[in-house]
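Chains E and R, in that order, are what the protein sequence lines are.
All residue numbers for the first sequence refer to the numbering used here, where the first residue is 1 and numbers rise by one.
All residue numbers for the second sequence refer to the numbering used here, where the first residue is 323 and numbers rise by one.
Note that CB positions come from ideal geometry on N, CA and C, so glycine has one too.
Since we're looking at a predicted model, the values are computed, not measured.
2 protein chains.
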Amino acid sequence: MADMNHIIEGVLAGNRRAIARAISLVENSSVTPKELLNGIHSATGRAYRVGVTGPPGAGKSTLTNKLAKLYRQRNLRIGIIAVDPTSPFTGGALLGDRVRMSDVEMDEAVFIRSMASRGSLGGLSKKANEAADILDAAGHDVVLLETVGVGQSELDIAGAADTTIVVLVPESGDGIQAMKAGLMEIGDFFVLNKADRPGADQAVMSIKMILGFRPHSESTWMPDVLKTQASEGKGIEEVVEYVQKHREHLEKSGALAQRRMERLERRIREIVERQLHIDFWNPDRSLLLRSQIEKVYEKQMTLYDLAGSLIESFKITQSFAT
Amino acid sequence: MADMNHIIEGVLAGNRRAIARAISLVENSSVTPKELLNGIHSATGRAYRVGVTGPPGAGKSTLTNKLAKLYRQRNLRIGIIAVDPTSPFTGGALLGDRVRMSDVEMDEAVFIRSMASRGSLGGLSKKANEAADILDAAGHDVVLLETVGVGQSELDIAGAADTTIVVLVPESGDGIQAMKAGLMEIGDFFVLNKADRPGADQAVMSIKMILGFRPHSESTWMPDVLKTQASEGKGIEEVVEYVQKHREHLEKSGALAQRRMERLERRIREIVERQLHIDFWNPDRSLLLRSQIEKVYEKQMTLYDLAGSLIESFKITQSFAT
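See below:
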């Protein structure tokens, strides 16, 4: 495919239109464009990936925006992937990231892409990882992954970063809800945004207390809590410095390579499972399931009986296929 | 297994200890106790399943508790499954459902079970469905499934009910956040709890407006919004009546059988995928992945190369196995 080679070359050259097309291929294809991802693989691994997550309304987009601006002032090329939950029945994003990102969107060295979580059925973190690979291969120095911290799939994306920042606000600051949502475990450090609001100091204390209970997997790293007022640009410098501090910690300890290998392993597992899913649920087998389901409903057979016979039919097909 | 037959008989007789043991088997086993589930299958399908979901803090447990009480006054046997998000690092529920459920927990005709979402890796809705089957087979007339409406897995559980109630509060009432979380699509009707708080009427209006945009799959059913103050017991009667109204609608239109067959289909798909997962990731293949991952990290091969060779090795094994 000459066209695919053209896209790959364009991505590697940092061409914006090629990058946009490549991400669209990854996002919209039901079949993964393997050739594309194989073609850029050797150019990946240079970008530093920073996840920004937290509950809705914490100011993640604003923080991401300000981080991008500051990195730009340091002459770094920035890629942003914003995963925006959309509703299956509205068919679109409720709030356009393009609007919220307006500070940096006109900057040619910042590439911003919104991805919809709608209809991606668990493939979201796979697609976000692959989009990050594309931005990485295209020569961006930092890739910011902004995701709302509700739902496993979104947490997976945040966990796909080298450094994950969890953004909270005083209202969510007692930490209990964040803890329930699984946010406290994935943060490499925490940002208390809108820190001018009442209760900010208590919220910081409470987060720190909860963090104190967290087992420290990398013994020397203790996540801290920083205060920001992202909309006023306050505290952003400190966040960038803290990302750098965490990065140096990971590099020195060898944990960065370790993290990245674990991430690759998770991604390969996900690729395998999706392929198996596609191989298994071919039209014939889906039809077989549908034609038998009434028997399960009528109690003539059990769920496990039917599941077993479907798996049996797969094994036979596989045996013929090889 | 004489022991398993003993549990099955106990469940079918409505014995509380047998029910508790059966649910524990489903919840804690990495391998599904097929024999148990096959053994009770023919006794399922009699209970009516009601999902209660919504954002954290909406008062779901209180509402569930009051609903159970009211059903009890009508001499119905009630099963409750509460899926409580727990933190992987605390290792337990943050708030004990047993405490919150105290109104009904001493009642012998109410069976309450908390299930942890921790560590269940996507199998949560499978386990909740199976626990509901057990309560169903044990002769409970109504099974209440209480889940927090954050995360796909939790939404799946709510969707596993015959009637799903989405609980909101005035603070979450603009509906936008609920919409983002996917809650608006799954509700058969909506309860605005804590309706004495400011903004309740506007919240109801706003929810109704959003519902107006929702395509109606079952043309004659239009979800309504009821107001409650669950902690004071206000509005509970209306909720019970509305559940009944929805149930009659489903039964008359034939949609109940349809919903239940679709649910069975989803569950069989999930059983199949889990089994494939177990078959695929045997110790040998996991070892193969781990031994090759460094090559991917070092750019000697791509993610898709390694995924492809793992799948190839599975096909060969399957061919030998049959």
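- According to the DSSP assignment, S114 of chain E belongs to the beta strand (DSSP E) that extends over 110-116.
- Collapsing the DSSP output to three states places V204 of chain E in a helix.
- Between T386 of chain R and V374 of chain R, the C-beta gap is smaller than 7 Å, which places the two residues in contact.
- Taking the Cα of A453 of chain R as reference, the smallest distance to any Cα among R:L505, R:K549, R:M326, R:V348 is reached at R:V348.
- Taking CB atoms only, Y297 of chain E has a neighbour in chain R less than 7 Å away.
- Residues of the stretch 218-232 of chain E with a C-beta less than 8 Å from any C-beta of chain R: none at all.
- The Cβ-Cβ distance between P170 of chain E and A137 of chain E does not fall below 7 Å.
- 7 Å or more divides the Cβ of H571 of chain R from the Cβ of T485 of chain R.
- Per DSSP, the continuous alpha helix (DSSP H) segment holding T64 of chain E begins and ends at 60-73.
- The continuous alpha helix (DSSP H) containing E563 of chain R extends over residues 558-575.
- Within 8 Å of the CB of V594 of chain R, the CB atoms of chain E belong to F280, A307, L310, I311, in sequence order along the chain.
- Here the stretch 575-590 of chain R lies against the stretch 287-305 of chain E, with 3 or more beta-carbon pairs under 8 Å apart.
- Interface flag for E265 of chain E against chain R is set, since a Cβ pair is found closer than 7 Å.
- Contact check for V465 of chain R against A344 of chain R fails: the beta carbons are separated by 7 Å or more.
- Annotation: the stretch 245-318 of chain E contains no complete segment of the beta strand (DSSP E) (minimum length 3 residues).
- The bridge partners DSSP lists for L358 of chain R come to none.
- With a cutoff of 7 Å on beta-carbon distance, Q551 of chain R and A517 of chain R are scored as near each other.
- The shortest CA-to-CA distance from S42 of chain E to any of E:L76, E:G139, E:S125 is the one to E:G139.
- DSSP, read as helix, strand or coil, puts L466 of chain R in strand.
- Nearest CB-CB separation between T302 of chain E and chain R: below the 7 Å threshold.
- Contact annotation: L514 of chain R and V565 of chain R have beta-carbon atoms that are not nearer than 7 Å.
- Per the C-alpha coordinates, the member of R:G445, R:N360, R:G534 positioned closest to N350 of chain R is R:G445.
- Put simply, the CB of N193 of chain E is far from chain R, with every gap to its CB atoms at 7 Å or more.
- Here M301 of chain E has Q292, K295 as same chain residues with Cβ atoms under 8 Å from its own Cβ, once five neighbours each way along the sequence are excluded.
- Residues are counted here when their Cβ sits less than 8 Å from a Cβ of chain R; for the stretch 12-41 of chain E these are T32, K34, L37, N38, H41, given in chain order.
- In the DSSP assignment, A404 of chain R is bridged to R:S436, R:E468.
- For K516 of chain R, the three-state secondary structure derived from DSSP is coil.
- In this structure, R:K449 is the residue among R:K449, R:N327, R:R435, R:D455 with its C-alpha nearest to the C-alpha of R596 of chain R.
- Using beta-carbon distances, Q597 of chain R counts as an interface residue toward chain E, with a partner under 7 Å.
- From the beta-carbon of I590 of chain R, the residues of chain E found nearer than 8 Å are L289, I293, V296, L303, L306, A307, L310.
- According to the DSSP assignment, V348 of chain R belongs to the alpha helix (DSSP H) that extends over 338-350.
- Residue-level contact check: M583 of chain R touches chain E, since one or more beta carbons of chain E fall below 7 Å from its beta carbon.
- Listed as beta-bridge partners of V547 of chain R by DSSP are R:F512.
- Going by DSSP, L490 of chain R is part of the beta strand (DSSP E) stretching over 485-490.
- With distances taken between CA atoms, D463 of chain R lies nearest to R:R399 out of R:G509, R:R399, R:E620.
- Between the beta-carbon of T469 of chain R and that of V405 of chain R there is about 4 Å, and that keeps the pair under the 8 Å contact cut.
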